[in-house]
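**Q** This is the structure, below, for whatever I ask next.
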Amino acid sequence: MPELSLIVPHHNHLQCLPHLLDSVLAQDFKDIEVVLVDDCSDEPCLPLVEAYRTKGLNITLLPHTAPIYTMRARLEGMRAAKGNIIGFADADDLIWGTESLGKNVALFQREQPDILHFRTARINADGSFAAWFLTMDPPVEHLTGQDIFQTYVTSPNFQQQSTVWNKFLSRSVALKACDALECSSVRRFVEDACICLTTAFHAQKYVGSPHAAYGYAYDFSNERMKFAEGPERATYVWHMLQELPAYFEQHGCPQSLQDALRNVLTEHLSVKVGHASTAAVNKDGMIISDATLDAMLRHTDARTFIKVLLLGNRHNAAKILGCLQTLQPKPNKPF
Numbered sequence: 001m002p003e004l005s006l007i008v009p010h011h012n013h014l015q016c017l018p019h020l021l022d023s024v025l026a027q028d029f030k031d032i033e034v035v036l037v038d039d040c041s042d043e044p045c046l047p048l049v050e051a052y053r054t055k056g057l058n059i060t061l062l063p064h065t066a067p068i069y070t071m072r073a074r075l076e077g078m079r080a081a082k083g084n085i086i087g088f089a090d091a092d093d094l095i096w097g098t099e100s101l102g103k104n105v106a107l108f109q110r111e112q113p114d115i116l117h118f119r120t121a122r123i124n125a126d127g128s129f130a131a132w133f134l135t136m137d138p139p140v141e142h143l144t145g146q147d148i149f150q151t152y153v154t155s156p157n158f159q160q161q162s163t164v165w166n167k168f169l170s171r172s173v174a175l176k177a178c179d180a181l182e183c184s185s186v187r188r189f190v191e192d193a194c195i196c197l198t199t200a201f202h203a204q205k206y207v208g209s210p211h212a213a214y215g216y217a218y219d220f221s222n223e224r225m226k227f228a229e230g231p232e233r234a235t236y237v238w239h240m241l242q243e244l245p246a247y248f249e250q251h252g253c254p255q256s257l258q259d260a261l262r263n264v265l266t267e268h269l270s271v272k273v274g275h276a277s278t279a280a281v282n283k284d285g286m287i288i289s290d291a292t293l294d295a296m297l298r299h300t301d302a303r304t305f306i307k308v309l310l311l312g313n314r315h316n317a318a319k320i321l322g323c324l325q326t327l328q329p330k331p332n333k334p335f
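Counting along the sequence shown from 1, when you hit position 316 you're at 316 in UniProt numbering, and nothing is skipped either side.
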């Protein structure tokens, strides 16, 4: 049984994947299983997998001939993993350095947390260091019990903190997340947040690590946040708003934390989380594509819709939302 399993969803990243696998091979810690979930790629990746197996890399390949998307890929990989520790990587990123996995595995073995949260390096296209992703750093060193979930849902950096690839999970908490999300309507774009929230809810111990272990290959020449993603992203966040609070309520989550979760997910729908391209947001911080607005209107009530739009206006949002709270409550009816 391997000590660490790395779950890697893969869809048409055959050119990038060797860089990730090379970075795993380069680690001084060797007791690693890579669980590669191939999500209906155009080119078969079995020849590449076999080539790396001959190099000594332990790879489990889970191929699919029909799309399952990122959420299903991550959950399937988590269930298939044999390791005591569950980690994550995306096919177009890297493992940072050569000692990073070993240091964090040692810390995990010593502390025995449910969540180990480590630092993230932003790397250039050639793999060189660019900067630290400070907003993705662990917010604290230690948390226990309900404080873990509360810290997540009240974090000012919720979007940046809700990534899976800068965390190790205990096997037991990873499987609880799989059970919680088995019937989720979310397919992609916000699946990281779903997994992070459910693991934080079930976790009993969180440890922040000082050791970086992940290299995020952010390509500034490629605007990843496209208008085309906005409607689908908005739809999946609405699914989160409908599904997650109900799940947490069934499992004894206090009302105050349910409310905090709804607030942070509502803010997650506001500008700068994928509704407009990066360039468009920099030009006009209030812009949201018409298609995304249409998607919102299909799912929300009037007050929530207004709140989402107001959250894009950072200068006046607090004042306007304060006034909104003083209005007489009315039945929430879909637009």
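Virtual Cβ for every residue (Gly too), placed ideally from N, Cα, C. All figures in this text were calculated on a predicted structure; none of them were measured in a lab.
What are the uninterrupted segments assigned as alpha helix (DSSP H) that are 4 or more residues long and contained completely in the stretch 129-217, given in chain order?
**A** Within the stretch 129-217, the complete alpha helix (DSSP H) runs of at least 4 residues are 146-153, 158-161, 171-181, 191-202.
**Q** For LEU244, which of PRO231, LEU46, ASN263 has the nearest alpha-carbon?
**A** It is ASN263 whose Cα lies nearest to the Cα of LEU244.
**Q** Below 9 Å between beta carbons: does that hold for PHE88 and VAL8?
**A** It is a contact, given that the beta carbons lie within the stated cut-off.
**Q** Counting pairs of Cβ atoms below 8 Å between the stretch 88-100 and the stretch 175-190, do you hit three or more?
**A** Flag = no, the stretch 88-100 and the stretch 175-190 do not touch.
**Q** Looking only at C-alpha atoms, which of ASP38, VAL34, HIS13 sits nearest to ASN58?
**A** That would be VAL34, whose Cα lies nearest to the Cα of ASN58.
**Q** Which word fits VAL105, buried or exposed, when buried means at least 16 other C-beta atoms lie within 10 angstroms of its C-beta?
**A** VAL105 is buried by the Cβ-count criterion.
**Q** Buried or exposed for HIS11, going by 16 or more other Cβ atoms inside 10 Å?
**A** Buried is the call here.
**Q** For LEU297, is the classification buried or exposed, using 16 other Cβ atoms within 10 angstroms of its Cβ as the cut-off for buried?
**A** By the 10 Å Cβ count, LEU297 comes out exposed.
**Q** DSSP three-state label for HIS251, please.
**A** Three-state result, HIS251: coil.
**Q** Identify, in the order they occur along the chain, each residue of the same chain with its Cβ nearer than 6 Å to the Cβ of ALA200, setting aside the five sequence neighbours on each side.
**A** Cβ neighbours of ALA200 beyond the five flanking positions: ILE148, PHE149, TYR152.
**Q** Quick test of your reading: GLY77 and VAL37, contact by CB under 8 Å. State the CB separation rounded to the nearest angstrom.
**A** That belief holds up - the Cβ atoms of GLY77 and VAL37 are roughly 5 Å apart, short of 8 Å.
**Q** Candidates GLU3, PRO254, PRO44: which alpha carbon is nearest GLN15's?
**A** Taking only the C-alpha atoms, the option nearest GLN15 is PRO44.
**Q** Between the alpha carbons of ILE86 and ALA121, how many angstroms are there, rounded?
**A** Approximately 20 Å, taken between the alpha carbons.
**Q** Does the beta-carbon of ILE32 have 16 or more other beta-carbons within 10 angstroms, so that it is buried, or is it exposed?
**A** Its Cβ being crowded by 16 or more others within 10 Å, ILE32 is buried.
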